[in-house]
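Going down the list, the sequences are from chains Y and L.
What the first sequence shows, in full-length UniProt numbering, is residues 1 to 88, in sequence order.
What the second sequence shows, in full-length UniProt numbering, is residues 1 to 196, in sequence order.
Note that beta-carbon positions come from the ideal geometry of N, C-alpha and C, so glycine has one too.
Just so you know, these numbers come straight off a predicted model, no measurement behind them.
Beneath this line is the structure, given in structure tokens, with notes to follow.
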Amino acid sequence: MEKYIVITFESINFAMQCEVVLKTEKIDYQIMPTPREITLSCGISIRTSDKYLDKVIELIKTKRIRNKDIYEIIGMGRQKTINKKGLI
Amino acid sequence: MKTINCAGLPCPKPVIMTKKELENIENGELEVIVDNFAAKENVSKYAKSIGLDFTVNQKENLYYILIKKGNNEVAECSLMNFENEKNLVIVVGSDKLGAGDDKLGNVLMKSYIYALTESEIKPKTIMFLNGGVKLTTEGSEVLESLKNLESKGVEILSCGTCLDFYGLKDKLIIGNVTNMYTIIEKMNNADKTITI
């Protein structure tokens, strides 16, 4: 079992902007395809540890990152529970 | 007990011969002799896939695989299980996925390697060539996914000449160094090679 958060975006350009911010802030992240359960589109999302949730929320506000949603995912591989975190 | 000597036979002959012999045995033991690690693995995997017990003994350069077959085994349709595990080789020739915008290519490659970790069918080997070696060395952003793949039994190989060219020879973080002979061998022995 693992727990992580997934940040989704309206456009890949916003994902790339967010990547730059996370890199500068030295937050570990991974680029991943948006999970099928969230959207069928071929989107790019950013995955990071749930310990960064508050920090990410703060950065989204202060750095004006245009994200769509944040999801918390618990599970392994294909078996997972997805909880949408309320919009900030 | 019947013995078949598969030493010196190319893949997948040992597995095919083992399958044939096992079909003729209702109850008993079959000893298969092979002379290389890959053949030993393949024959063992096959025995396992059809639910048979086996033991492996290594004497000098030969492997002796003793497979026991009982009455109640169902050997039908189980070669399918084995065939699911095809020898898939992925060749990564760049640190970007697709041609066009490099920044986009970078993001797509990260997404691709991540998605591979979640795919049910895993490649047996991933080989990194040319700019692809930037993904297995210091500063790569996909190391976590590659470690994940390696822990699931995927072999990770980087081209030695390429590491040298990019000055990354002592910066390899994951997998082993390989040369063109091995690359050819892996490609030629693969059931399917995907080049990206």
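I'd like to know if Lys-146(L) contacts chain Y, where contact means its C-beta is closer than 9 Å to some C-beta of that chain. Mapped onto the second sequence, residue 146(L) falls at position 146. Reading off the sequence, residue 146(L) comes out as Leu, not Lys. No, Leu-146(L) does not count as interfacial toward chain Y.
Status (buried if at least 16 other CB within 10 Å, exposed otherwise) for Ala-39(L): As a working note, residue 39(L) is residue 39 in the second sequence. Ala-39(L) should be labelled buried.
Interface residues of chain Y around Ala-115(L) at Cβ under 9 Å? In the second sequence, the residue the question calls residue 115(L) occupies position 115. Near Ala-115(L) (Cβ distances below 9 Å), the residues of chain Y are Met-32 and Pro-33.
Distance, Val-154(L) Cα to Pro-123(L) Cα: The residue you call residue 123(L) lines up with position 123 of the second sequence. The residue you call residue 154(L) lines up with position 154 of the second sequence. Answer to the nearest angstrom: the Cα atoms are 6 Å apart.
Run the CB neighbour count on Pro-10(L), radius 10 Å, all protein chains shown included, and call it buried at 16 or more, exposed below. Numbered from its first residue, the second sequence carries residue 10(L) at position 10. By the neighbour-count rule (16 or more Cβ atoms within 10 Å), Pro-10(L) is not buried but exposed.
Out of Gly-105(L), Cys-162(L), Ile-156(L) and Lys-169(L), which has the shortest C-alpha to C-alpha gap to Leu-129(L)? Translated into the one-based positions of the second sequence, residue 129(L) becomes position 129. Nearest option by C-alpha distance: Cys-162(L).
What span of residues does the beta strand (DSSP E) with Val-89(L) cover, start to end? Position 89 of the second sequence, counted from the first residue, corresponds to residue 89(L). It spans 88 to 92 - the beta strand (DSSP E) in which Val-89(L) sits, taken as one unbroken run.
Taking CB distances under 9 Å as the criterion, tell me whether Ser-111(L) reaches chain Y. Here the question's residue 111(L) lines up with position 111 in the second sequence. Yes, its Cβ sits closer than 9 Å to a Cβ of chain Y.
Thinking Val-44(L) and Ile-65(L) are a contact (beta carbons under 8 Å), I'd like their distance in whole angstroms, please. By 1-based counting over the second sequence, the position of residue 44(L) is 44. By 1-based counting over the second sequence, the position of residue 65(L) is 65. Checking the displayed sequence, the identity of residue 44(L) turns out to be Ser instead of Val. So it is a contact: roughly 6 Å between Cβ atoms.
Suppose you measure from the CA of Gly-98(L) to the CA of Thr-195(L); what does that come to, to the nearest Å? Against the second sequence, residue 98(L) aligns to sequence position 98. Against the second sequence, residue 195(L) aligns to sequence position 195. Rounded to the nearest angstrom, the two C-alpha atoms are 11 Å apart.
Answer yes or no: the CB of Pro-10(L) versus the heavy atoms of the ligand MN, is any distance below 8 Å? Among the ligands in the structure shown, none appear at all, so the ligand MN cannot be discussed.
Determine the contact status of Ser-158(L) and Met-127(L), defining contact as a CB-CB distance below 9 Å. Within the second sequence, residue 158(L) is the residue found at index 158, counting from 1. Within the second sequence, residue 127(L) is the residue found at index 127, counting from 1. In this structure, Met-127(L) lies closer than 9 Å to Ser-158(L) by Cβ.
Tell me the residue span of the beta strand (DSSP E) that contains Gly-105(L). As a position in the second sequence, residue 105(L) is number 105, starting the count at 1. First-last for Gly-105(L): 102 to 118, but that is the alpha helix (DSSP H), not the beta strand (DSSP E).
Is any beta-carbon of chain Y found at less than 9 Å from that of Glu-76(L)? Here residue 76(L) corresponds to residue number 76 of the second sequence, with the count starting at 1. Its pLDDT being 47, under 50, Glu-76(L) is placed unreliably by the model, and the measurement read from it follows with that caveat. No, no contact with chain Y.
Inter-residue Cα distance where the pair is Asn-176(L) and Leu-149(L): Within the second sequence, the letter at position 176 stands for residue 176(L). Within the second sequence, the letter at position 149 stands for residue 149(L). So the alpha carbons of these two residues sit roughly 14 Å apart.
Whose Cβ in chain Y lies nearer than 9 Å to the Cβ of Val-107(L)? Indexing the second sequence from 1 puts residue 107(L) at position 107. In chain order: Ile-12, Ala-15, Met-16, Glu-19, Ile-31 and Ile-44.
Based on the DSSP output, what are the partners of Phe-128(L) in its beta bridges? Numbered from 1 along the second sequence, position 128 holds the residue referred to as residue 128(L). Answer is Val-92(L) and Ser-158(L), bridged to Phe-128(L).
Cross-chain neighbours of Lys-96(L) in chain Y, by beta carbon under 8 Å: Walking along the second sequence from the start, residue 96(L) turns up at place 96. Chain Y residues near Lys-96(L): none, gap ~13 Å exceeds 8 Å.
Note down the Cα distance separating Lys-80(Y) from Lys-26(Y), rounded to an integer number of angstroms. As a first step, residue 80(Y) is located in the first sequence; it is residue number 80 there, counting from the start. As a first step, residue 26(Y) is located in the first sequence; it is residue number 26 there, counting from the start. The straight-line gap from Cα to Cα measures roughly 27 Å.
For Lys-103(L), return the contacting residues in chain Y, with the cut-off set at a CB-CB distance below 9 Å. In the second sequence, residue 103(L) corresponds to position 103, counting from 1. Within chain Y, the residues near Lys-103(L) are Met-16.
Can you tell me where the alpha helix (DSSP H) holding Met-17(L) begins and where it ends? To locate residue 17(L), count along the second sequence from 1; it is residue 17. Where Met-17(L) is concerned, the enclosing alpha helix (DSSP H) stretches over 13 to 24.
Whose C-beta lies closer than 6 Å to the C-beta of residue 92(Y) among residues of the same chain, with five residues either side of it excluded? With chain Y running from 1 to 88 in the structure shown, residue 92(Y) is simply not present.
Below 8 Å on the Cβ atoms is my contact criterion, and I expect Arg-47(Y) with Phe-14(Y) to pass it. Report the Cβ-Cβ distance as a whole number of Å. As a position in the first sequence, residue 47(Y) is number 47, starting the count at 1. As a position in the first sequence, residue 14(Y) is number 14, starting the count at 1. Wrong, their Cβ atoms sit about 16 Å apart, outside the cutoff.
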